[in-house]
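Asks:
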Amino acid sequence: MKFIKNHLMFILPLMAILLGIEFYLVFDRTTDSYEKGLKEGYTMLVVTKKPVTLQKLKQLNPHIATLEAIKREQIVSEVAQGVSKQSKKEILAALPYFYNVGLDSYLGTSALEKIKKDLEKDSNIKRVETFGSSYSSAYRLFAFIKFLLKVFIGFMGIVSLFLIIKQMEIWKYAHRERMQVMEIFGAPLMLRAGVLFKVAIFDAFIATLLTSAVFLYVKFVWAAQSGIDLMMQKQDDLFKMTDMAILLGVALLLVIVAVYTVVFSSKGVQE
Amino acid sequence: MSNVISAKNLTLAYDNGRKEIIKNASFNIKKGDFVFITGPSGSGKSTLLKSLYGQLKPKEGNLVVGGRDLANISSRQLQELRTHMGIIFQDYKLINEWTVAKNVVLPLMIAGYSLDVQETQAHRLLKHVKLSEHADKYPLELSGGEQQRVGVARALAKNPVVILADEPTGNLDDYSSNVIWDLMENACQQLETTVLVVTHKIPTIFSLPYRHFIIESKGVYEVH
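Chains S and U, in that order, are what the protein sequence lines are.
When we follow the numbering used here, the leftmost residue of the first sequence carries the number 1, and every step to the right adds one.
When we follow the numbering used here, the leftmost residue of the second sequence carries the number 1001, and every step to the right adds one.
1. Kindly indicate which residue of S:Y106, S:K121 and S:S105 has the alpha-carbon position closest to the one of K56 of chain S.
2. Residues of the stretch 185-217 of chain S with a CB closer than 8 angstroms to any CB of chain U: list them in chain order, please.
3. With a threshold of 8 angstroms between beta-carbons, can T181 of chain S be considered close to chain U, or not?
4. By Cβ distance below 8 angstroms, which residues in the same chain neighbour L210 of chain S in space, the five residues on each side in sequence not counted?
5. Which word fits V221 of chain S, buried or exposed, when buried means at least 16 other C-beta atoms lie within 10 angstroms of its C-beta?
6. Short check: CB of H1134 of chain U to CB of V1100 of chain U, under 8 angstroms?
7. Does the pairing of the stretch 1004-1017 of chain U with the stretch 1040-1060 of chain U give three or more beta-carbon distances under 8 angstroms?
8. Measuring CB to CB, does F1027 of chain U end up less than 8 angstroms from E1185 of chain U?
9. What did DSSP end up calling V269 of chain S once you bin it into helix, strand or coil?
10. Among U:Y1113, U:L1094, U:D1091 and U:N1072, which residue has its Cα nearest to the Cα of T1083 of chain U?
11. Considering only DSSP beta bridges, list what D1166 of chain U is partnered with.
12. Between the beta-carbon of L1048 of chain U and the beta-carbon of I1029 of chain U, is there less than 8 angstroms?
13. Any Cβ of chain S within less than 8 angstroms of the Cβ of Q1079 of chain U?
14. Shorter than 8 angstroms from the beta carbon of E271 of chain S to some beta carbon of chain U?
15. Hey, does R1149 of chain U have any beta-carbon neighbour from chain S nearer than 8 angstroms?
16. Between K1093 of chain U and chain S, is the shortest Cβ-Cβ distance under 8 angstroms, so that the two count as touching?
17. Of the residues S:K85, S:L107, S:P62 and S:K150, which one's Cα is nearest the Cα of F38 of chain S?
18. Assign R1018 of chain U to one of three DSSP states: helix, strand, or coil.
19. Count the other C-beta atoms from every protein chain shown that fall within 10 angstroms of the C-beta of R176 of chain S, then say buried if there are 16 or more, exposed otherwise.
20. Check for me: the beta strand (DSSP E) holding K1093 of chain U runs from which residue to which?
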């Protein structure tokens, strides 16, 4: 019973960290296309008196990456229904040129304002519409949620790491006599700490397997039966085999750091 | 004969140097010497022994063991020095989770000997201390005398330059004590190992010539 308790005290905090990491990986994968859509789907509207080229706009502001003309005929046919052909021609002649302008990266509202000002300096450009508020609020909300998730996982990771180190100190205390005897007979640190490494690495494997099992259950059982469209569509993203390698790598790294922290923090027998 | 241990104006203290146990002690111990260190309880016998295996750094003076000055020794050098020592404790200090055979070959394991060599040596050493039939048992399955024989076998495992023993028969009956003294006499005689024994009483059955130091009033004096 004590044996199981001792291992659980190590495995559970390690699992908390691994679950956090895996949750972030899954969140990142499942929301990737949404984030891309928010970033790449954004365009500003530019209205010009005469046709304009991408090169010309890039000279005005280097963040401009794409330029797509909106068909003027289509605009006329939509706004001038039931109007004679001649009138349509006149409207078309008087109509300015409309463009969707894409940017090279996600920019804040102040940067958008600067682009707008740069473009409006050109006398050919009649108007620039950035749709800044809606663009910014949607993306910022998403970025904020992602940031909160990172903070939460990071905080949980730190607390769990302290628990892991605490448990490691208990193990070290439990094996202190053995380690002392080995030290007195001249055993190097790695040999003395061998027992801690063995136990910790064993628990790292167990924690990885349990975490993987949780996400495999979510992927193959829970998500399939959940009835939630997003879950069913993104079922493949819920757990990938490469995740297991990432989790094992992180788990091993953490336990090695924990063992080293505990072993090096002791002065040894020298007084 | 060269000195295996040499102390000059040695002062040992606990409590960050505030509590002096031994003051200005000077002595030399040569290869093959068998030395008893006696003295009243709390006089500093075990403290002196601890300093010899580097568990307590000298406060002042020089303490040279196996050519290394323990006042200025790095942890790596101390580690290396300890692999040439055999240490025997009153409370045996065996690793209870390990078999008797594994305990005996601990110094060989530390030195990186192969498992084959370890196995052969375990067999030889346990035969020497007459514990061959207990090789696969665990220390707590043995009597105190048997456990101390395991401790002696472990101390002899790597043919050490010096054996340091702290009250090795303190917890044993007369019969078991005599067996331990026999083993240590043999080690000194046959292998020319320097042996230093801290004890409250020199055994009457001892047949080998020996040197005797007394620790009294913080000083270390040789009795002639």
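We put the CB at the ideal spot given by N, CA and C, even for glycine.
Replies: Taking the definition as stated:
1. S:K121
2. F185, G186, A187, P188 and L191
3. According to the sequence displayed, residue 181 of chain S carries Val and not Thr. Chain U contact via Cβ: present.
4. I11 and M15
5. exposed
6. yes
7. yes
8. no
9. Low per-residue confidence applies at V269 of chain S: pLDDT is 42, beneath 50, and the placement is therefore not dependable enough to give any value.
10. U:Y1113
11. U:V1198
12. no
13. yes
14. Low local confidence applies: a pLDDT of 41 at E271 of chain S is under 50, so the model's placement there is unreliable, with the coordinate-based value given in what follows. With 8 angstroms as the cut-off, E271 of chain S counts as an interface residue toward chain U.
15. no
16. yes
17. Checking the displayed sequence, the identity of residue 38 of chain S turns out to be Leu instead of Phe. Of the candidates S:K85, S:L107, S:P62 and S:K150, the one whose C-alpha sits nearest the C-alpha of L38 of chain S is S:L107.
18. coil
19. exposed
20. Careful: K1093 of chain U lies outside any beta strand (DSSP E) and carries neither H nor E.
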